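Following: one structure in structure tokens, then a few remarks.
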Amino acid sequence: MKIHKLKLNAKYYEDSERGIKTFEIRKNDRDYKIGDVLELREYIEDISGLGYYTGNAHWKVITYIIDDDLYLAPGYVCFGLSPIAEPEQEDAE
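Going letter by letter, the sequence shown gives residues 1 to 93 in UniProt numbering.
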């Protein structure tokens, strides 16, 4: 299991944290696997392209992966996610 620290746009953060948004679509540049943990960190980006982390974060475990170029842009995956408590930080990326 790996822990992936990821930016999550502030406009999606609350829905993800509440469990309304139970998926993520991401570029598969980290070799994501079922059972990996996502640390989703709230991020605000301004119109200049600069941004900052708010300090808010929550954790999800990957329970399902769709990796199909018929439905997603090549190189992208869609994760099904379930909430978990903050894990110990052993193998974070």
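Using N, Cα and C, we set each Cβ at its ideal position, and we do this for glycine too. Note that the structure is predicted; figures quoted are calculated from it, not measured.
In this structure, the straight-line span from the alpha carbon of arginine 30 to that of leucine 81 is close to 17 Å.
When the five nearest sequence neighbours on each side are left out, the beta carbons in the same chain lying within less than 7 Å of the beta carbon of leucine 8 are those of Ser16, Leu40, Arg41, Glu42 and Tyr43, in order along the chain. Under the 10 Å beta carbon count, leucine 50 is surrounded by fewer than 16 other beta carbons and is classified as exposed. Looking at the DSSP output, proline 83 bridges to Lys60.
Around the beta-carbon of phenylalanine 79, 16 or more other beta-carbon atoms lie within 10 Å, marking it buried. Between proline 83 and glycine 19, the C-beta spacing is below 8 Å.
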